[in-house]
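Written out below as structure tokens is the structure these notes cover.
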Amino acid sequence: MVVRTGSRSCELIQRSSPPMTAQSCRRLEFHSEPDQVRSGERVQSSETDWLWIVDGQTRAIKASNNIWVESNLIGSPLGMVERTIVRMGAMMAAGNRLLLPMSRSFRYTQGSKGESMHLPVLLLISVLFSSSAPLVDSSLEKAIASGDADVVEKAVQALAKDGTSSAIDQVIQLALLSNNPTVEKAALAGLIGLQPGSGLDWLCTQANQHPRKEIRDLLIGWLSQRKEKECFRAVLQGLYDAEDSVALASIEALRLKSHNGSIPHMIRALKHQEDRDRDLSLVAERIREMLSELTGADLFAASEWDGLWRGNKKVLEDGKKVDAAKVVLKGTGVKIDPPSFFGQELVSEKIVFVLDTSISMQEKDPLAEGASGKKGGRGTGVASGGKKDASGDDLPDSRMRLRRVQKELKRMIRELPRSFRFCLVSFSAGVDRMTDQLVAATPDQKRRAIKFVDEFDPKGFTSTDLALDSAFKITGVRTIVLLSDGMPFRIKNPIDPAQLLDHIEELNRFEHIPVHTVGFESTSGDAGGFLEELSRRTRGKYTEVP
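Read in the numbering used here, the sequence shown has 1630 at position 229, and its numbers run on one by one without any break.
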């Protein structure tokens, strides 16, 4: 069998065994940690037939069976070359990397005991240079090093013209894994001219199988703009990704495509969420929102949506919407009422509440019918957000902003379903977290949360930046709810609201976490504008409390 590589091809055979075929190979994928194998290390090994050698790179790959070697100097007919052994995974084709066999000359250790073991004897017959195979592209490396987006785009265009899986894999490894948004954007722009073939097939495969969720996210967004059926299938497959963030990226890509042909696929994806008892997950809610946009109906369960589709298929296939008033439910689903916070429904089972306890939260707001107008949304590290209402001194403590928040928050906590995991974060000049992780909504954790809320004390400035950073660092969070009565404000190390918005957008680039915001009508000037813009950029919702 001939395996094509980035700069050569090699013929591989296995002694005393049936001839090897592409189907008998197993494909190897890259790990996100580049430095797991170092020269001279003695680490764990496991039984396998083939190793994947990463040409010119030092990368290892995480897998259920990790393969390690005492030295990363691997022998080949080309001499001793510095390479890294990487992990085995499910293989769809021979791929574009150099497969080298294990031999008795390599000695490995198993586990911490250091027991010697030998892997199957295989023979590499020949490694032949192929003039038709593209060389490792140094021009792309130089383009990336230059930092010039136009140069990067042109270098990628050359690889796209080549169109082989080897060439396109270099774009992934060098550009899309650069962790540089400018380079990533330029690389994706350079791929626009890629024609159907092995390179495009490789992108479709990597959109669903690459170990880094960031790559799957980027490729799904890019593939959604293509017209080929295999690209559409790859985007649809993303709906079932193990990472919610990638599933959300697929939903957003399909939403922007706004094609009614997505409807039955979205219904199946919603059923998949329900089968996993995730009726109130953010993924399920985003699917319902998209189905509502496409059909004009407002339903809950997958069975209801399926009934709508079957009963109105011709109308919907023509790109039209149904008359919601005439929809007859044919499903058997029962809507689960989600909890709410100041009237805002919380359809997400992994949620963090970020709550302003700065000094201005001790202000008392008049009842809605007695309000004389809106106050400016100045920073909240001052004793007053503007002139007091003439009747302010006579208002009861129940109209204090913080007391209202505490009351509503405790009500909501008591109503959280057991399927929810949550965390509370309070902030003024500094940040205080109820816990460092999401906790289940059990009776014990609810009592703990209510005690945390009872200890709120209005004081200090409004370090919204520190609070949001803290919330995004909580593992597994899928939704953030931010409540504040003013602009981010701090005298020492001042906060630039515009820069903060950009920072949150960058933090959220591959997470797709909606930030729902809650503000107060009495301070809805600049403060309301900031909160509303934050929600808009993250696909959250803004709610104003009277």
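We put the beta carbon where it would ideally sit given N, CA and C, even for glycine.
Span separating the alpha-carbon of residue i from that of residue j
i: residue 1881; j: residue 1671; result: 22 Å
i: residue 1917; j: residue 1765; result: 24 Å
i: residue 1563; j: residue 1883; result: 49 Å
i: residue 1816; j: residue 1742; result: 10 Å
i: residue 1926; j: residue 1645; result: 35 Å
i: residue 1867; j: residue 1714; result: 49 Å
i: residue 1857; j: residue 1813; result: 16 Å
i: residue 1889; j: residue 1864; result: 6 Å
i: residue 1558; j: residue 1616; result: 19 Å
i: residue 1607; j: residue 1924; result: 48 Å
i: residue 1898; j: residue 1931; result: 7 Å
i: residue 1911; j: residue 1614; result: 8 Å
i: residue 1568; j: residue 1907; result: 29 Å
i: residue 1760; j: residue 1754; result: 19 Å
i: residue 1711; j: residue 1937; result: 34 Å
i: residue 1647; j: residue 1639; result: 7 Å
i: residue 1598; j: residue 1633; result: 15 Å
i: residue 1688; j: residue 1746; result: 16 Å
i: residue 1668; j: residue 1934; result: 31 Å
i: residue 1582; j: residue 1800; result: 46 Å
i: residue 1904; j: residue 1886; result: 21 Å
i: residue 1875; j: residue 1718; result: 42 Å
i: residue 1722; j: residue 1679; result: 27 Å
i: residue 1695; j: residue 1661; result: 6 Å
i: residue 1826; j: residue 1724; result: 43 Å
i: residue 1705; j: residue 1698; result: 10 Å
Residues near residue i in its chain [Cβ-Cβ closer than 6 Å; skip 5 each side]
i: residue 1749; result: 1683, 1879, 1880
i: residue 1601; result: 1595
i: residue 1631; result: 1605
i: residue 1556; result: 1540, 1541, 1544
i: residue 1623; result: 1589
Span of the alpha helix (DSSP H) around residue i
i: residue 1666; result: 1664–1676
i: residue 1812; result: 1802–1816
i: residue 1946; result: No alpha helix (DSSP H) holds residue 1946; the beta strand (DSSP E) holding it covers 1943–1946.
i: residue 1617; result: 1614–1624
i: residue 1567; result: 1566–1571
i: residue 1606; result: 1599–1610
i: residue 1850; result: 1844–1855
i: residue 1948; result: Residue 1948 lies beyond the residue range present for the chain, which begins at 1402 and ends at 1947; the question has no answer from this structure.
i: residue 1912; result: From DSSP, residue 1912 is part of no alpha helix (DSSP H); its letter is neither H nor E.
i: residue 1927; result: 1927–1939
i: residue 1560; result: 1550–1563
i: residue 1875; result: Taken as a continuous stretch (DSSP letters only), residue 1875 belongs to no alpha helix (DSSP H), as it is neither H nor E.
i: residue 1541; result: 1539–1547
Extent of the continuous beta strand (DSSP E) to which residue i belongs
i: residue 1753; result: 1751–1757
i: residue 1583; result: No beta strand (DSSP E) contains residue 1583, which is instead part of the alpha helix (DSSP H) from 1582–1591.
i: residue 1833; result: 1832–1834
Which of helix, strand or coil DSSP assigns to residue i
i: residue 1762; result: helix
i: residue 1745; result: strand
i: residue 1827; result: strand
i: residue 1352; result: One cannot answer for residue 1352 here, as it falls past the ends of the chain, which runs 1402 to 1947.
i: residue 1822; result: strand
i: residue 1723; result: coil
i: residue 1920; result: strand
i: residue 1883; result: strand
i: residue 1866; result: helix
i: residue 1687; result: helix
i: residue 1633; result: helix
i: residue 1415; result: For residue 1415, the predicted model reports a pLDDT of 28, less than 50, meaning its position is unreliable; a value from the coordinates is still stated below. Note: residue 1415 maps to coil in three-state DSSP.
i: residue 1890; result: strand
i: residue 1963; result: Summary: the structure shown does not reach residue 1963, with the chain confined to residues 1402 through 1947, and so no result is reported for it.
Counted within 10 angstroms of its Cβ, other Cβ atoms place residue i as buried (16 or more) or exposed
i: residue 1757; result: buried
i: residue 1852; result: exposed
i: residue 1744; result: exposed
i: residue 1654; result: buried
i: residue 1807; result: buried
i: residue 1848; result: exposed
i: residue 1677; result: exposed
i: residue 1872; result: buried
i: residue 1674; result: buried
i: residue 1928; result: buried
i: residue 1895; result: exposed
i: residue 1846; result: buried
Closer than 9 Å to chain B by CB, residue i
i: residue 1648; result: Protein chains in the displayed structure number just one, and chain B is not present.
Own chain partners of residue i with C-beta closer than 8 Å, once the 5 adjacent residues on each side are dropped
i: residue 1819; result: 1841, 1842, 1843
i: residue 1629; result: 1597, 1601
Own chain residues within Cβ distance below 7 Å of residue i, not counting five before or after
i: residue 1542; result: 1575
i: residue 1545; result: 1553, 1575, 1576, 1579, 1584
i: residue 1620; result: 1604, 1607, 1608
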